[in-house]
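Engineer: Keeping their order, the protein sequence lines are chains A, B, C, D, E and F.
Here full-length UniProt numbering is used: the first residue of the first sequence is 1, the next is one more, and so on.
Here full-length UniProt numbering is used: the first residue of the second sequence is 1, the next is one more, and so on.
Here full-length UniProt numbering is used: the first residue of the third sequence is 1, the next is one more, and so on.
Here full-length UniProt numbering is used: the first residue of the fourth sequence is 1, the next is one more, and so on.
Here full-length UniProt numbering is used: the first residue of the fifth sequence is 1, the next is one more, and so on.
Here full-length UniProt numbering is used: the first residue of the sixth sequence is 1, the next is one more, and so on.
Every residue gets a Cβ at the ideal spot worked out from N, C-alpha and C, and that includes glycine.
This one's a predicted model, so the numbers in the text were calculated from it and none came from an experiment.
Following this message is one structure expressed as structure tokens.
There are 6 protein chains.
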Amino acid sequence: MLIAYSSWPEIDARLKTTKTVIVPIGSNEQHGPTGLLGTDWMCPEIIAHAAEKTDDGLIVAPTFNIGMAQHHLAFPGTISLRPSTFMSAITDWVHSLGRHGFDHIYFLNGHGGNVATIEATFSEIYADPSFQARKSRVILKLRNWWDLPGINSLCTQIFPTGHGMHATPSEIAVTQAAYPDRIKTADYSPKIAPNGPIRDALDYRARFPDGRIGSDPAQASPEKGQRIIDAAVPALIRDVQAFAEDPIH
Amino acid sequence: MLIAYSSWPEIDARLKTTKTVIVPIGSNEQHGPTGLLGTDWMCPEIIAHAAEKTDDGLIVAPTFNIGMAQHHLAFPGTISLRPSTFMSAITDWVHSLGRHGFDHIYFLNGHGGNVATIEATFSEIYADPSFQARKSRVILKLRNWWDLPGINSLCTQIFPTGHGMHATPSEIAVTQAAYPDRIKTADYSPKIAPNGPIRDALDYRARFPDGRIGSDPAQASPEKGQRIIDAAVPALIRDVQAFAEDPIH
Amino acid sequence: MLIAYSSWPEIDARLKTTKTVIVPIGSNEQHGPTGLLGTDWMCPEIIAHAAEKTDDGLIVAPTFNIGMAQHHLAFPGTISLRPSTFMSAITDWVHSLGRHGFDHIYFLNGHGGNVATIEATFSEIYADPSFQARKSRVILKLRNWWDLPGINSLCTQIFPTGHGMHATPSEIAVTQAAYPDRIKTADYSPKIAPNGPIRDALDYRARFPDGRIGSDPAQASPEKGQRIIDAAVPALIRDVQAFAEDPIH
Amino acid sequence: MLIAYSSWPEIDARLKTTKTVIVPIGSNEQHGPTGLLGTDWMCPEIIAHAAEKTDDGLIVAPTFNIGMAQHHLAFPGTISLRPSTFMSAITDWVHSLGRHGFDHIYFLNGHGGNVATIEATFSEIYADPSFQARKSRVILKLRNWWDLPGINSLCTQIFPTGHGMHATPSEIAVTQAAYPDRIKTADYSPKIAPNGPIRDALDYRARFPDGRIGSDPAQASPEKGQRIIDAAVPALIRDVQAFAEDPIH
Amino acid sequence: MLIAYSSWPEIDARLKTTKTVIVPIGSNEQHGPTGLLGTDWMCPEIIAHAAEKTDDGLIVAPTFNIGMAQHHLAFPGTISLRPSTFMSAITDWVHSLGRHGFDHIYFLNGHGGNVATIEATFSEIYADPSFQARKSRVILKLRNWWDLPGINSLCTQIFPTGHGMHATPSEIAVTQAAYPDRIKTADYSPKIAPNGPIRDALDYRARFPDGRIGSDPAQASPEKGQRIIDAAVPALIRDVQAFAEDPIH
Amino acid sequence: MLIAYSSWPEIDARLKTTKTVIVPIGSNEQHGPTGLLGTDWMCPEIIAHAAEKTDDGLIVAPTFNIGMAQHHLAFPGTISLRPSTFMSAITDWVHSLGRHGFDHIYFLNGHGGNVATIEATFSEIYADPSFQARKSRVILKLRNWWDLPGINSLCTQIFPTGHGMHATPSEIAVTQAAYPDRIKTADYSPKIAPNGPIRDALDYRARFPDGRIGSDPAQASPEKGQRIIDAAVPALIRDVQAFAEDPIH
């Protein structure tokens with residue numbers, strides 16, 4: 001069940017049996033010379049929506065599409081929240097969903113740069129009950145889609161070299177599978193982009209002139225993307241199921 | 001050009017000729033017994049994407065899908081930001097887009113409840129240059145899709161009674177045109193919902209038990225929705241064009 | 001009863017029968033070549049205090065005298081809060097008054113530029129009970145003094161041309177009636193000021209060099225101001241009475 | 001020159017010769033069984049306006065009428081900002097006035113409970129240039145009216161016993177001189193109220209049941225108030241003059 | 001009992017009999033040509049730890065070592081919080097300690113520049129219960145170590161001239177007693193530093209080029225410092241004991 | 001050079017040759033039945049101070065001793081900042097140090113629970129220059145002391161079983177080496193504590209009743225702690241040296 005495409009009485013009825021909700025979360029940011037700016041919010045949305053088609057017992061929230069991308073701001077099209085804004089927004093999403101009775105909130109994340117701030121937000125949300133000596137109404141889980149069981153190893157197997165850290169062939173392949181009419185090509189060099197630390201936007205652009213980190217995205221294809229999606233869907237369903245059974249103390 | 005579905009070099013190239021960007025903005029909130037929870041962010045997205053297909057000189061940002069819906073929180077599936085969070089998030093979007101050189105930012109809004117807070121945010125954004133005696137880098141415009149020239153009168157003509165204020169047949173018709181496989185039906189009464197003031201969530205649900213305000217949404221149909229979209233698209237294109245020519249002092 | 005000019009036992013006694021309070025709210029900002037900087041907080045104060053003299057059952061709070069005037073900051077004497085500060089301050093006023101048992105809080109506003117931010121603040125205040133699934137302790141109403149029943153039409157009748165949007169002859173006339181020793185005169189041209197959008201402070205001053213928008217304030221006189229006040233007083237009393245009877249759900 | 005009662009061209013002209021502005025600041029809070037709730041903002045306003053009548057070279061801003069009064073909230077009619085809100089609001093006033101070229105901002109304070117937060121705000125305002133290694137645009141001074149040279153000793157001479165700390169006969173006398181038609185009487189006991197620490201609102205009301213601290217306000221009279229005003233006016237004029245000559249490093 | 005050097009079961013056991021905790025609080029900021037940057041957090045730590053050795057019934061929290069020092073930022077090594085950050089951090093400390101059952105929290109302060117902001121924070125903390133009409137869980141006290149009974153007069157007796165306001169011989173002597181291997185010497189002139197107002201950092205450095213205000217710190221010695229410590233310890237023990245007996249209303 | 005134990009002229013002189021500073025950062029929180037509450041801020045302080053004794057070219061800031069420990073608040077003695085406060089405080093430290101010319105700021109961290117929030121703070125700090133298209137003044141690095149090259153493997157070698165995640169024998173051993181007179185003993189069971197997720201405080205205490213996660217801290221000894229310190233010191237010196245040579249783009 002996709003929340004945005006349902007009516008409130010449908011959600012109301014489903015809440016009688018399910019208290020777990022999946023929130024696809026990502027970023028809108030440069031993904032190298034060929035990647036779509038929306039790659040990081042599209043990937044978790046693609047996988048979560050495919051999983052919901054397989055098992056409509058899953059409830060999927062709208063996609064949280066803008067995240068923590070300050071380091072990509074020197075590339076046009078990138079839109080970023082400040083971490084403090086990101087934290088406030090996630091908190092409001094959680095409190096909205098918790099208000100309706102969802103008590104297990106599972107964030108399926110598509111952007112490595114979001115991880116630290118999402119985890120910090122979880123602590124901020126938990127801090128209220130912790131300071132007040134009461135139980136939290138919700139429990140929260142963050143899962144990067146590539147960390148779903150089996151997916152990292154599959155990606156490495158498909159792309160043994162040039163997978164890299166940003167604008168990876170695996171994430172680009174996932175978007176190609178979903179949006180084959182949006183495939184871009186470009187010449188770039190070196191074939192495999194450099195690695196290095198991530199700091200502010202100008203430093204990033206100086207180190208990684210076309211936006212890639214460690215990757216060779218031309219290896220992506222819609223077929224490879226579909227293989228990843230097909231593996232991620234059952235992995236997600238099992239992972240959410242296990243989380244749904246996790247008790248609240 | 002849809003930013004999310006483009007690469008950064010494509011946006012970079014386009015910025016040489018265009019400095020105006022459209023941001024579809026709405027809310028994810030109950031829309032009565034039959035409306036989709038996503039109605040308010042879908043409508044501006046549907047219209048903006050249709051306009052972009054007609055005139056690909058338009059640049060459309062990702063959709064800002066969660067807004068100011070605290071009054072709908074007693075209905076499951078609603079997700080709301082607090083106004084203060086909403087303001088911070090819009091501010092970060094504007095500063096991201098302004099960073100790339102967009103200097104005319106046009107918000108196509110799908111939710112009446114957003115209007116006051118978006119306007120307050122514009123003032124907050126302008127306040128920085130105003131306090132510092134410098135020029136603003138961006139100018140900002142808010143347009144509700146139903147306030148595009150000719151649209152309100154068209155909606156009233158199509159739905160002379162029972163249009164109402166929330167879960168209106170016109171907005172539901174627009175989503176039916178775009179997502180015909182998501183059409184919902186339900187019995188409801190009274191045929192035309194009551195009117196009244198909007199306050200907090202429990203007050204809202206007490207006044208408007210099924211979520212509608214003043215509307216009879218069963219009048220909606222995909223065909224009527226398509227008529228509205230077809231009228232809104234050229235109106236949007238003209239409105240954005242006029243805004244793009246508005247000088248910055 | 002004016003709160004500031006009363007003792008706490010007097011307020012305490014009155015709270016046994018009245019739970020409604022009027023807060024005059026405005027701004028301190030340029031009002032063209034002849035208008036007083038305090039015009040926007042003086043007008044609602046003048047009308048509310050006159051109403052309280054007529055019907056001392058009314059309870060009137062001190063005047064909230066600084067509002068959202070960032071766009072006027074290029075004119076000396078203007079004092080503005082940022083919208084976010086304005087929201088925090090209104091929230092604290094509301095929680096103070098609500099703490100004492102006032103549950104109907106009526107803002108009589110004198111500045112159009114305040115409207116969006118006051119409405120956003122109401123949503124922020126309501127959001128707390130809405131997120132927590134409890135009833136709001138207070139209900140809130142915003143009324144611009146010129147929107148009191150009958151007042152706009154009276155102003156248009158007195159000033160059929162050159163009323164405009166800022167530094168209007170009607171608001172200046174109201175202050176002339178109350179402070180006849182503070183009447184200013186000046187040469188200005190054009191006789192009727194231009195109209196246009198409101199953005200940041202430098203943009204405003206470039207568009208509206210003497211501060212007026214669409215108005216010809218020299219038409220004001222104390223007598224005309226007194227006519228407006230005399231009409232506004234009973235309109236306010238009736239409007240507050242109707243609000244006081246509005247139930248809290 | 002009173003800013004609120006002037007036009008912007010008048011302020012503009014005066015700024016050519018004067019860069020110093022006085023801001024009367026106080027609180028709206030219970031003042032015992034007989035004191036006006038507005039006492040603490042009225043006193044600095046009364047004195048500053050009287051000084052301006054004597055020496056119209058003084059520029060006086062509108063009165064900042066709500067301050068830090070959380071400890072009085074158990075008494076009806078009290079309106080308080082939170083310290084964090086108070087700090088934001090003072091900051092915005094300072095930046096507004098500084099925007100116009102006022103570089104010496106003198107706060108004439110009427111409420112002891114404001115002192116710590118105003119001083120903290122000054123540090124917050126100075127912190128921006130301090131962190132950025134640049135000069136501050138403004139210098140700031142806080143003066144309680146009773147600390148104007150000679151005033152404390154005069155008050156003690158007029159009221160050798162029962163002056164106390166809150167709802168003092170001197171401050172009530174000042175308001176009686178200005179508003180003789182608002183004089184209240186009440187029986188209270190003990191004649192001289194107790195002293196003690198100031199904490200939260202319920203603690204305050206338990207310690208000081210009628211609101212007074214250490215005072216016997218029935219000693220106040222309009223004549224005594226006028227003596228205090230007459231002494232405070234020249235003291236203020238001299239104090240502001242000395243401040244105006246203080247250089248900015 | 002020093003919290004940081006204890007285990008949680010030890011604190012748990014002690015909380016059965018003691019609900020009072022001492023928090024040493026200071027600043028890390030320049031202290032003239034010879035003073036240690038840590039002087040202001042070391043002094044209250046030295047005295048509190050010495051008191052705890054004498055009477056292990058005292059519970060001493062870790063030292064809050066960074067405070068409000070924006071005015072010293074033109075001198076290398078100074079670390080300052082903004083007042084708003086300082087307030088948030090103190091609030092979190094108080095709520096953490098209050099969570100465990102400490103209901104009397106005593107701040108032993110070593111920096112005059114902290115006083116206003118700490119007092120403002122106390123008001124911010126009390127404001128929550130005050131606005132909500134409930135009792136505060138904690139009561140709070142601020143004591144500068146030099147204001148412990150008898151200490152100021154002792155310091156004046158030891159250093160009859162050149163004590164001054166910042167980088168005083170008494171505070172430097174206290175650190176010399178505790179850290180005799182960290183004693184610094186330097187030539188400076190004038191022998192007694194000037195006095196003046198405290199504003200932003202550049203203003204401060206212009207007025208007080210070597211950082212001292214009104215002091216001649218070369219008079220300090222470890223022996224004099226030990227005399228001060230020896231007097232402060234029993235004064236602190238008595239002061240805390242009196243505070244611990246102060247009832248919560 | 002320890003900043004707190006130096007004078008400002010000493011720091012000033014050193015800044016001519018060194019722009020890198022180490023900030024020990026940790027937490028004050030329960031560490032099981034035998035661990036000191038200060039363990040997490042003591043460990044990085046112990047290692048950094050030992051390194052500074054070896055190589056006084058290192059500059060070490062005061063210790064940031066309170067971090068993100070909301071999940072430990074059900075155990076007495078724990079003091080936590082909220083993540084948002086923690087972020088503001090780290091930001092102020094960084095801007096203070098950056099003000100003096102330190103452009104490489106190295107946080108030596110002692111608490112795993114701090115990592116996400118420190119990384120989020122780095123992004124918040126970098127966001128300012130990133131949004132403004134200017135270079136960052138500082139570069140920032142986070143290193144957990146146990147992630148210094150070679151340390152994790154050493155700890156695992158010394159404690160092949162029962163090392164665990166919280167209240168580990170390695171961290172307790174480090175504090176025992178530094179504070180041998182503060183060694184605690186206690187009976188506990190099971191010998192090796194359970195593992196599990198970290199959420200709010202009550203959940204934590206329900207899962208981990210004596211506070212340990214996965215550890216058997218009784219294996220700690222001062223000698224083992226000294227071995228760890230002796231290995232960490234040269235590793236830290238090399239790591240800081242490499243960071244100091246990292247260019248700023």
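Within the chosen definition, does the stretch 51-65 of chain C reach the stretch 230-240 of chain C through at least 3 CB pairs nearer than 8 Å?
Structural biologist: Contact between the stretch 51-65 of chain C and the stretch 230-240 of chain C is present, because at least three Cβ pairs lie under 8 Å.
Engineer: Would you identify the three-state DSSP class for A:Y106, choosing helix, strand or coil?
Structural biologist: Position 106 of the first sequence, counted from the start, is the residue given in the question as residue 106 of chain A. Here A:Y106 sits in strand by DSSP.
Engineer: Does any C-beta atom of chain B lie closer than 7 Å to the C-beta of C:R143?
Structural biologist: In the third sequence, the residue the question calls residue 143 of chain C occupies position 143. So, not an interface residue.
Engineer: Run the CB neighbour count on C:G150, radius 10 Å, all protein chains shown included, and call it buried at 16 or more, exposed below.
Structural biologist: Your numbering for residue 150 of chain C matches position 150 in the third sequence. By the beta-carbon neighbour count (other beta carbons within 10 angstroms, threshold 16), C:G150 is exposed.
Engineer: Go through the stretch 126-164 of chain B residue by residue and report every complete run of the alpha helix (DSSP H) that reaches 4 residues or more, in order.
Structural biologist: 151-158
Engineer: Relative to the C-alpha of B:L142, which candidate in B:L108, B:A244, B:G164, B:Q241 has its C-alpha closest?
Structural biologist: Locating residue 142 of chain B in the second sequence gives position 142, counting from the first residue. Among B:L108, B:A244, B:G164, B:Q241, the Cα nearest to that of B:L142 belongs to B:L108.
Engineer: Residue range of the alpha helix (DSSP H) that D:I11 falls in?
Structural biologist: Taking the first residue of the fourth sequence as position 1, residue 11 of chain D is located at position 11. Run containing D:I11: 8-14, per the alpha helix (DSSP H) assignment.
Engineer: F:A48: which of F:I192, F:H95, F:Y106 sits nearest, CA to CA?
Structural biologist: Numbered from 1 along the sixth sequence, position 48 holds the residue referred to as residue 48 of chain F. Here the closest residue by C-alpha is F:Y106.
Engineer: Are there 16 or more other CB atoms within 10 angstroms of the CB of D:A13, so buried, or fewer, so exposed?
Structural biologist: Counting from one through the fourth sequence, the residue named residue 13 of chain D turns up at place 13. Burial call: exposed.
Engineer: Which residues of chain B have a Cβ atom closer than 9 Å to the Cβ of D:R99, listed in chain order?
Structural biologist: Counting from 1 along the fourth sequence, the entry for residue 99 of chain D is found at position 99. Here the neighbours are S130, F131, Q132, A133.
Engineer: Under 6 Å Cβ to Cβ from E:L81, same chain only, skipping five residues before and after it: list those, please.
Structural biologist: Start at 1 with the first residue of the fifth sequence, and residue 81 of chain E comes out as number 81. Within the same chain, E:L81 has close Cβ partners I66.
Engineer: Using 7 Å as the limit for Cβ to Cβ distance, is B:I248 near chain A?
Structural biologist: Translated into the one-based positions of the second sequence, residue 248 of chain B becomes position 248. No - not a single Cβ of chain A is within 7 Å of the one on B:I248.
Engineer: Decide if A:P197 is buried, meaning its Cβ has at least 16 other Cβ atoms within 10 Å, or exposed.
Structural biologist: In the first sequence, residue 197 of chain A corresponds to position 197, counting from 1. When all chains shown are included, A:P197 counts as exposed.
Engineer: Helix, strand or coil: how does DSSP classify B:G77 here?
Structural biologist: The residue labelled residue 77 of chain B in the question sits at position 77 within the second sequence. DSSP places B:G77 in coil when its eight states are reduced to three.
Engineer: Does the count of Cβ pairs from the stretch 208-218 of chain A and the stretch 84-93 of chain A closer than 8 Å reach three?
Structural biologist: no
Engineer: Measure the C-alpha to C-alpha separation of B:P76 and A:R137 and round it to an integer number of angstroms.
Structural biologist: For the purposes of this step, residue 76 of chain B is identified with residue 76 of the second sequence, where counting begins at 1. For the purposes of this step, residue 137 of chain A is identified with residue 137 of the first sequence, where counting begins at 1. Cα to Cα, the separation comes out at about 16 Å.
Engineer: Applying the 10 Å Cβ sphere with the 16-neighbour rule, what's the burial state of C:D40?
Structural biologist: By one-based count along the third sequence, residue 40 of chain C stands at place 40. Buried is the call here.
Engineer: For D:N114, which residues of its own chain have a beta-carbon under 7 Å away from its beta-carbon, when the five flanking residues on both sides are left out?
Structural biologist: To locate residue 114 of chain D, count along the fourth sequence from 1; it is residue 114. Excluding sequence neighbours, D:N114 sits near I25, S27, G67, M68.
Engineer: Is it the case that the Cβ atoms of A:H71 and A:Y204 are separated by a distance below 7 Å?
Structural biologist: As a working note, residue 71 of chain A is residue 71 in the first sequence. As a working note, residue 204 of chain A is residue 204 in the first sequence. Result yes, Cβ atoms of A:H71 and A:Y204 sit closer than 7 Å.
Engineer: Using three-state DSSP, classify A:P24 as helix, strand or coil.
Structural biologist: As a first step, residue 24 of chain A is located in the first sequence; it is residue number 24 there, counting from the start. Three-state result, A:P24: strand.
Engineer: Run through chain E and tell me which residues come within less than 8 Å of D:E124, C-beta to C-beta.
Structural biologist: In the fourth sequence, residue 124 of chain D corresponds to position 124, counting from 1. R82, P83, S84, listed in chain order.
Engineer: Could you tell me the boundaries of the alpha helix (DSSP H) in which E:Y204 lies?
Structural biologist: The residue given as residue 204 of chain E occupies position 204 in the fifth sequence. It spans 201-207 - the alpha helix (DSSP H) in which E:Y204 sits, taken as one unbroken run.
Engineer: Any Cβ of chain C within less than 7 Å of the Cβ of D:F243?
Structural biologist: By one-based count along the fourth sequence, residue 243 of chain D stands at place 243. Under the 7 Å criterion on CB atoms, D:F243 is classed as non-interfacial with respect to chain C.
Engineer: Classify F:H71 as helix, strand or coil using the three-state DSSP reduction.
Structural biologist: Mapped onto the sixth sequence, residue 71 of chain F falls at position 71. If DSSP states are grouped into helix, strand and coil, F:H71 belongs with the helices.
Engineer: Any beta-carbon of chain C closer than 7 Å to the one on B:A127?
Structural biologist: Translated into positions along the second sequence, residue 127 of chain B becomes position 127. Output row for B:A127: interface = yes.
Engineer: Is the stretch 3-10 of chain D close to the stretch 32-46 of chain C, with three or more CB pairs under 8 Å?
Structural biologist: yes
Engineer: So that I know if they touch, is there some Cβ in chain D lying closer than 7 Å to that of C:Y204?
Structural biologist: Within the third sequence, residue 204 of chain C is the residue found at index 204, counting from 1. It does not: the Cβ of C:Y204 has no partner Cβ on chain D nearer than 7 Å.
Engineer: Roughly how many angstroms separate the alpha carbons of C:Q59 and C:T20, rounded to a whole number?
Structural biologist: Position 59 of the third sequence holds residue 59 of chain C. Position 20 of the third sequence holds residue 20 of chain C. Correcting the residue identity first, residue 59 of chain C is Ile in this sequence and not Gln. Approximately 7 Å between the Cα atoms of the pair.
Engineer: How would you list, in chain order, the residues of chain D whose beta-carbon sits under 7 Å from the beta-carbon of residue 255 of chain F?
Structural biologist: Given that chain F is displayed from residue 1 to residue 249, the structure contains no residue 255 of chain F and the question cannot be resolved.
Engineer: Secondary structure at A:G35, three-state DSSP: helix, strand or coil?
Structural biologist: Indexing the first sequence from 1 puts residue 35 of chain A at position 35. If DSSP states are grouped into helix, strand and coil, A:G35 belongs with the strands.
Engineer: If the criterion is Cβ atoms closer than 7 Å, does the pair A:A201 and F:A120 meet it?
Structural biologist: Reading the first sequence from its first residue, position 201 is the one you call residue 201 of chain A. Reading the sixth sequence from its first residue, position 120 is the one you call residue 120 of chain F. Against a cut-off of 7 Å, the Cβ pair of F:A120 and A:A201 comes out as no contact.
Engineer: Using the three-state DSSP reduction, which class does C:I213 fall into: helix, strand or coil?
Structural biologist: As a working mapping, residue 213 of chain C is identified with position 213 in the third sequence. In the structure shown, C:I213 sits in a strand (DSSP, three-state: E or B).
Engineer: Where does C:H49 fall in DSSP's three states?
Structural biologist: Translated into the one-based positions of the third sequence, residue 49 of chain C becomes position 49. Three-state DSSP puts C:H49 in a helix.
Engineer: Please tell me whether E:M165 has its Cβ less than 7 Å away from any Cβ of chain D.
Structural biologist: Start at 1 with the first residue of the fifth sequence, and residue 165 of chain E comes out as number 165. For E:M165, the answer is no, since every Cβ of chain D falls outside 7 Å of its Cβ.
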